Amino acid sequence: MSAPITALPSPTPGARRVVHCMGTVFSFDVRTAGVGQAALDEAERWLHRVDEVFSTYREHSEISRLGRGELTAADCSDEVRHVLAECARLEVATHGFFSIRATGRLDPSGYVKGWAIERASDILVAHGSTSHCVNGGGDVQSVGGAAADRPWRIGIADPLRPRTLAAIAVGRDLAVATSGTAERGAHVVNPHTGVAPTALVSLTLAGSRLGRVDAMATAAMAMGADARAFVEGLDGIEAFAIEPDGTTWSTSGWQR
Amino acid sequence: MKRILLSITGTVLGLVALLSFKSHGHPLRTTGALPSAGLPAASSTAPTGTSSSPGVATSAPPKPGAGTTKTLTGQAVETRYGIVQIQVTVTGSKINNVSFLQLTAFDDRSQQINQAAAPLLLQETLSAQNSQIDTVSGATYTSEGYIQSLQSALDQVGLK
């Protein structure tokens, strides 16, 4: 019996779903028996709500109206106020390298996407799931292991060598986010200079909760050569990086 | 302390690698034909697909008497950059042939990426049936669409 194309065999009955939202693709892989479409329905509704509220491409989203000064934070939904508070904390923790105004206008997308995936995963947990993986455009929140006796194995794409994976992160309850020079080109800028850093072509962070992990990946990418020392100082987050010449490095907390 | 293992691979890992493709470094295809890729079927069955180079999409019809060869069509998956739809021919649990029914790009850049990536995606599907990962971080749009369409085709025969 051959394995499915992207995956090791799923030993338990589960549910899969693909959701197109926020300009990308979200895929759900639930491996807990009995957790099915109702849970996925709720998780999907959540993603669409996040898009409605937080999209900077929608003229009438709360974020767009807040950015134009038509709303104050006090007028906004609980979710928006939560995100603004988290982003403020992240900005301090990253010395301003994570900034919701890095592009000159209000844009918390660097936190919202990872947070939305993390919360979608929480919805599945609330429905009883103890084993699932949610992948949103290459950022991953997993819960439990891939099976009772097997951790998740999350491949890290190598942008320099199209036919290879650079590494595999292995663990349980893993959140993994990759920031970098993907096929669409650099999209991270240093908020202090407005310049896109070139020290790294790819930076992957692994931790527990994707909102923080994704935001920290964006911030560390913006730091360029200082990313390594910064992530070494973060509790519960490890990094794997690829430099333009193909050199790789990783932080010290990975188990070998 | 959370235990996370990092395995540095540097190994060619079939399909999974395609998730990281870039368009440069591969010759761009100028043909408008959609590529397909095939492998000889299991020894008990005659080959159902033989084209391993880009060309006209081919998929073998179910072979009379073979009984277990099926041609399956995946969902058309629309991403931000285009539409991807896969057709796959399966004998038992083995993929013999995979091809694109749709590979539409919404812009020139996506078209270039598709042209470079499509033949690789197909070939790697055939060689990566035992790839040892569950998902990929840093995946890209075209490949996501490809994976999902392919998965939906495979789900129809329970290749899980």
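In the order they appear, the protein sequences are chains B and V.
First residue of the first sequence? That's 1 in our numbering, and the numbers climb one at a time after it.
First residue of the second sequence? That's 1001 in our numbering, and the numbers climb one at a time after it.
A virtual CB, placed ideally from N, CA and C, is assigned to each residue, including glycine.
Model, not experiment: these values are computed from the prediction.
Check residue i in the structure and name its three-state DSSP category.
{"i": "residue 205 of chain B", "result": "strand"}
{"i": "residue 47 of chain B", "result": "helix"}
{"i": "residue 20 of chain B", "result": "strand"}
{"i": "residue 1082 of chain V", "result": "strand"}
{"i": "residue 107 of chain B", "result": "coil"}
{"i": "residue 199 of chain B", "result": "coil"}
{"i": "residue 29 of chain B", "result": "strand"}
{"i": "residue 133 of chain B", "result": "strand"}
{"i": "residue 115 of chain B", "result": "helix"}
{"i": "residue 86 of chain B", "result": "helix"}
{"i": "residue 98 of chain B", "result": "coil"}
{"i": "residue 58 of chain B", "result": "coil"}
{"i": "residue 122 of chain B", "result": "helix"}
{"i": "residue 218 of chain B", "result": "helix"}
{"i": "residue 276 of chain B", "result": "This structure does not reach residue 276 of chain B, given that chain B is present from 1 up to 256, and the question cannot be answered."}
{"i": "residue 155 of chain B", "result": "strand"}
{"i": "residue 213 of chain B", "result": "helix"}
{"i": "residue 67 of chain B", "result": "helix"}
{"i": "residue 238 of chain B", "result": "strand"}
{"i": "residue 78 of chain B", "result": "helix"}
{"i": "residue 177 of chain B", "result": "strand"}
{"i": "residue 141 of chain B", "result": "strand"}
{"i": "residue 167 of chain B", "result": "strand"}
{"i": "residue 243 of chain B", "result": "coil"}
Going by other Cβ atoms of all chains shown within 10 Å of its Cβ, with 16 needed for buried, is residue i buried or exposed?
{"i": "residue 104 of chain B", "result": "exposed"}
{"i": "residue 244 of chain B", "result": "exposed"}
{"i": "residue 112 of chain B", "result": "buried"}
{"i": "residue 35 of chain B", "result": "buried"}
{"i": "residue 1028 of chain V", "result": "Here the model assigns residue 1028 of chain V a pLDDT of 26, short of 50, so the residue's position is not dependable and the matter cannot be decided."}
{"i": "residue 89 of chain B", "result": "exposed"}
{"i": "residue 1030 of chain V", "result": "Its pLDDT being 27, under 50, residue 1030 of chain V is placed unreliably in this model, and the value from its coordinates should be taken loosely. Result: exposed."}
{"i": "residue 128 of chain B", "result": "exposed"}
{"i": "residue 1085 of chain V", "result": "buried"}
{"i": "residue 132 of chain B", "result": "buried"}
{"i": "residue 92 of chain B", "result": "exposed"}
{"i": "residue 126 of chain B", "result": "exposed"}
{"i": "residue 238 of chain B", "result": "buried"}
{"i": "residue 254 of chain B", "result": "buried"}
{"i": "residue 149 of chain B", "result": "exposed"}
{"i": "residue 231 of chain B", "result": "buried"}
{"i": "residue 152 of chain B", "result": "buried"}
{"i": "residue 70 of chain B", "result": "exposed"}
Would you kindly work out how many angstroms separate the C-alpha atoms of residue i and residue j, rounded to a whole number?
{"i": "residue 14 of chain B", "j": "residue 1087 of chain V", "result": "24 Å"}
{"i": "residue 207 of chain B", "j": "residue 171 of chain B", "result": "10 Å"}
{"i": "residue 94 of chain B", "j": "residue 138 of chain B", "result": "23 Å"}
{"i": "residue 1042 of chain V", "j": "residue 1091 of chain V", "result": "The predicted model places residue 1042 of chain V with a pLDDT of 33, which falls under 50 and marks its position as unreliable; any figure quoted below should be read in that light. Residue 1042 of chain V and residue 1091 of chain V: Cα-Cα distance of roughly 8 Å."}
{"i": "residue 1070 of chain V", "j": "residue 189 of chain B", "result": "49 Å"}
{"i": "residue 26 of chain B", "j": "residue 63 of chain B", "result": "22 Å"}
{"i": "residue 1138 of chain V", "j": "residue 198 of chain B", "result": "18 Å"}
{"i": "residue 229 of chain B", "j": "residue 121 of chain B", "result": "30 Å"}
{"i": "residue 1072 of chain V", "j": "residue 1101 of chain V", "result": "11 Å"}
{"i": "residue 1033 of chain V", "j": "residue 1083 of chain V", "result": "Confidence in residue 1033 of chain V is poor, its pLDDT being 48 and thus under 50, which makes the residue's placement unreliable; the coordinate value appears in the next sentence. Their backbone Cα atoms lie some 16 Å apart in a straight line."}
{"i": "residue 246 of chain B", "j": "residue 1136 of chain V", "result": "19 Å"}
{"i": "residue 76 of chain B", "j": "residue 217 of chain B", "result": "27 Å"}
{"i": "residue 203 of chain B", "j": "residue 211 of chain B", "result": "16 Å"}
{"i": "residue 1103 of chain V", "j": "residue 221 of chain B", "result": "33 Å"}
{"i": "residue 156 of chain B", "j": "residue 175 of chain B", "result": "12 Å"}
{"i": "residue 167 of chain B", "j": "residue 22 of chain B", "result": "28 Å"}
{"i": "residue 58 of chain B", "j": "residue 50 of chain B", "result": "12 Å"}
{"i": "residue 1066 of chain V", "j": "residue 1098 of chain V", "result": "Any reading at residue 1066 of chain V must be qualified, since the residue scores a pLDDT of 46, below 50, and its modelled position is unreliable; no value is offered."}
{"i": "residue 233 of chain B", "j": "residue 114 of chain B", "result": "21 Å"}
{"i": "residue 215 of chain B", "j": "residue 209 of chain B", "result": "10 Å"}
{"i": "residue 160 of chain B", "j": "residue 117 of chain B", "result": "27 Å"}
{"i": "residue 169 of chain B", "j": "residue 134 of chain B", "result": "15 Å"}
{"i": "residue 213 of chain B", "j": "residue 205 of chain B", "result": "6 Å"}
{"i": "residue 32 of chain B", "j": "residue 178 of chain B", "result": "26 Å"}
Which residues in chain D sit within 7 Å of residue i, going by Cβ to Cβ distance?
{"i": "residue 255 of chain B", "result": "Given the protein chain composition of this structure (B and V), no chain D is represented."}
Give me the chain V residues within the contact set of residue i, using Cβ-Cβ distance strictly less than 8 Å, ordered along the chain.
{"i": "residue 224 of chain B", "result": "In chain order: nothing, as chain V lies at least about 18 Å away."}
{"i": "residue 261 of chain B", "result": "Only positions 1 to 256 of chain B appear in the structure, and residue 261 of chain B is not among them; the question remains open."}
{"i": "residue 139 of chain B", "result": "1137"}
{"i": "residue 170 of chain B", "result": "1004, 1005, 1006 and 1007"}
{"i": "residue 202 of chain B", "result": "1138"}
By the criterion of Cβ-Cβ separation under 7 Å, what are the contact partners of residue i in chain B?
{"i": "residue 1074 of chain V", "result": "In chain order: nothing, as chain B lies at least about 11 Å away."}
Strictly below 9 Å CB to CB, what residues from chain B border residue i?
{"i": "residue 1077 of chain V", "result": "18, 20 and 25"}
Output, in chain order, the set of chain V residues within a Cβ distance shorter than 9 Å of residue i.
{"i": "residue 87 of chain B", "result": "Residues of chain V passing the Cβ test: none, with the nearest at roughly 22 Å."}
{"i": "residue 180 of chain B", "result": "1138"}
Output, in chain order, the set of chain V residues within a Cβ distance shorter than 7 Å of residue i.
{"i": "residue 76 of chain B", "result": "None at all; the shortest Cβ gap to chain V is about 27 Å."}
{"i": "residue 56 of chain B", "result": "Ordered by position in chain V, no residue passes the 7 Å Cβ test against residue 56 of chain B, which lies about 15 Å from the chain."}
{"i": "residue 156 of chain B", "result": "1137 and 1138"}
{"i": "residue 206 of chain B", "result": "1004"}
Using 8 Å as the cut-off, can you tell me whether the stretch 48 to 57 of chain B makes contact with the stretch 135 to 153 of chain B, which would need three or more C-beta pairs spanning the two stretches below that distance? no
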